[in-house]
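Take the sequence shown: its letters are residues 1 to 297, numbered as in this note's numbering. This report concerns only the one structure given below.
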Amino acid sequence: MAVGGIAALSRAGGAQPAAPAPAPLTKSIPSSGEALPVVGLGTWITFNVGNDAALRDECAAVVAAFFAAGGRLIDSSPMYGSSQPTIGYALQKLGRPEALFSAEKVWTSSPRNGPPQIAQSLASWGVPRFDLVQVHNLLSWEAHLDTLLAMKEAKQIRHVGITTSEGRRHRDMEAIMASRPLDFVQATYNPVDRELEARILPLARERGIAVIVNRPFREGELTRKLARHPLPGWAAEIGAMSWAQLVLKFIVSHPSVTCAIPATTRVDHVRENLAAAAGPLPDEAFRRRIAEAIGHI
1 MAVGGIAALS RAGGAQPAAP APAPLTKSIP SSGEALPVVG LGTWITFNVG
51 NDAALRDECA AVVAAFFAAG GRLIDSSPMY GSSQPTIGYA LQKLGRPEAL
101 FSAEKVWTSS PRNGPPQIAQ SLASWGVPRF DLVQVHNLLS WEAHLDTLLA
151 MKEAKQIRHV GITTSEGRRH RDMEAIMASR PLDFVQATYN PVDRELEARI
201 LPLARERGIA VIVNRPFREG ELTRKLARHP LPGWAAEIGA MSWAQLVLKF
251 IVSHPSVTCA IPATTRVDHV RENLAAAAGP LPDEAFRRRI AEAIGHI
């Protein structure tokens, strides 16, 4: 799916082809060195559309636009209703793009049910193996992490991680990061939810752990609030043309953050989000400016 339409040219001076979108900035996964675009795609709520054919096609269009703009990482969970088969439908419709970096989770209180749940998730996505499997919200994390590390050793999955959200269980996450061989952690971070800056982000950098940021817009609450105010003119200095782009640039410019995963149901929004991954990112002084401006709204 093309990002921009290309008009036919004529010798008389027809419309010029639309310029290709700039390639998104990438960061490397510390444990493997693989490069990931700094903006990915979340599917919580937005891809839980059941068997509604029209809504499944809308989600497939979002995935198509995501890959066309240079995206790679798509994140889901068994907790997310029908999001997994919706992703599978989109991937099948698009011919299973090779660029995909599949990020899944295990989410069950029963350690014994972890492997069959992962197998069911694989079937829903229609992929041979996951690039990343994470213990969702640290549920039964000890046993599940042992399982995931064994699967990684057997090359059944490529990376292992743990997740939390909304500021919960950061102390537990910190203890696990300090003691277990993780490739990824996932948690909430944005200009108004900054608790990760104190311990989690520095420890991730020290331990060589990639960081995925969830709820960058507080499930839309933050961007809806910001939309009632004019975007500061100085946002253009880093190429931010919307509040969403300014928030994303703040998040992914942190040295320890690898990727943010905003969720959306709209093609224009996924293009806007990926565009935040291109062009300049704010330095530390500019990041403080962003946080201060948003914190006062």
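We put the CB at the ideal spot given by N, CA and C, even for glycine. As the structure is a computational prediction, the values presented were derived from the model and not from experiment.
Three-state class that DSSP yields for residue i in the structure shown
| i | result |
| --- | --- |
| PRO282 | coil |
| GLU34 | coil |
| LEU73 | strand |
| ALA263 | strand |
| THR223 | helix |
| LYS155 | coil |
| ARG289 | helix |
| VAL270 | helix |
| GLY50 | coil |
| SER83 | helix |
| VAL39 | strand |
Which listed residue (the options) has its alpha carbon closest to that of residue i
| i | options | result |
| --- | --- | --- |
| ARG96 | PRO78, GLY126, VAL39 and GLU153 | GLY126 |
| VAL63 | LYS93, ILE45 and PHE130 | LYS93 |
| VAL252 | MET241, PRO116, VAL267 and LEU274 | LEU274 |
| PHE250 | ILE45, VAL39 and SER31 | VAL39 |
| PRO111 | LEU132, GLU98 and HIS136 | HIS136 |
| LEU73 | TRP234, GLU284, CYS59 and GLY42 | GLY42 |
| ALA60 | ILE200, GLU206 and PRO85 | PRO85 |
| ALA65 | SER77, GLY81 and LEU91 | LEU91 |
| ILE162 | PRO115, ASP283, PRO116 and VAL211 | VAL211 |
| ILE200 | ARG218, THR223 and SER165 | SER165 |
| THR108 | SER77, VAL213, PRO128 and ALA99 | SER77 |
| ASP57 | GLU292, PRO22 and VAL267 | VAL267 |
| GLN186 | PRO262, ALA123 and ALA99 | PRO262 |
| LEU132 | ILE157, ALA244 and LEU145 | ILE157 |
| GLY220 | ILE209, ILE118, LEU145 and TRP243 | TRP243 |
| HIS254 | ARG218, ALA99, VAL213 and THR147 | VAL213 |
| THR188 | THR147, LEU222 and GLU98 | LEU222 |
| ASP75 | HIS269, ILE87 and GLN245 | ILE87 |
| GLU34 | GLU272, GLU292 and CYS259 | CYS259 |
| PRO30 | ASP146, GLU153, PHE184 and PHE47 | PHE184 |
| GLU284 | ARG224, ARG207, GLU197 and HIS269 | GLU197 |
Cβ-heavy atom distance, residue i to the ligand MG, below 7 Å
| i | result |
| --- | --- |
| LEU201 | Ligands in the displayed structure: none, and consequently the ligand MG is not present. |
Burial state of residue i (16 or more Cβ within 10 Å)
| i | result |
| --- | --- |
| HIS296 | exposed |
| ARG11 | A caution first: ARG11 carries a pLDDT of 30, below 50, which makes its placement in the model unreliable, though a value can still be read off. It is exposed - the Cβ of ARG11 has fewer than 16 other Cβ atoms within 10 Å. |
| LYS155 | exposed |
| GLN120 | exposed |
| GLU104 | buried |
| GLY14 | Residue placement at GLY14 cannot be trusted, given a pLDDT of 43 that sits under 50; the coordinates are not used to answer. |
| SER28 | exposed |
| VAL233 | Note that residue 233 is Gly in the sequence shown here, rather than Val. Label assigned to GLY233: exposed. |
| PRO181 | exposed |
| PRO282 | buried |
| ARG215 | buried |
| PRO24 | buried |
| PRO202 | exposed |
| ALA150 | exposed |
| GLY70 | buried |
| PRO37 | buried |
| GLY114 | buried |
| ALA99 | exposed |
Subject >> Length at least 3, wholly inside the region 157-221: the beta strand (DSSP E) runs in chain order >> reply: Runs of the beta strand (DSSP E) spanning 3 or more residues and lying entirely within the region 157-221 occur at 157-163, 184-188 and 210-214, in chain order.
Original post:
Between the region 281-289 and the region 48-64, are three or more C-beta pairs nearer than 8 Å?
Top reply: A contact is defined here as three or more CB-CB pairs under 8 Å, and the region 281-289 fails this definition with respect to the region 48-64.
Subject >> Runs of alpha helix (DSSP H) lying entirely within the region 94-151, each at least 4 residues, in chain order >> reply: You should have 114-125.
Subject >> Segment contact flag, the region 191-206 with the region 140-149, C-beta cutoff 8 Å, min 3 pairs >> reply: Contact between the region 191-206 and the region 140-149 is absent, because fewer than three Cβ pairs lie under 8 Å.
Subject >> Segment contact, 8 Å Cβ cut-off, at least three pairs: the region 223-233 with the region 156-173 >> reply: No contact exists between the region 223-233 and the region 156-173.
**OP:** Would you be able to state if there are at least three C-beta pairs under 8 Å between the region 264-280 and the region 171-187?
**Re:** Judged by Cβ distances under 8 Å, the region 171-187 makes no contact with the region 264-280, as fewer than three pairs qualify.
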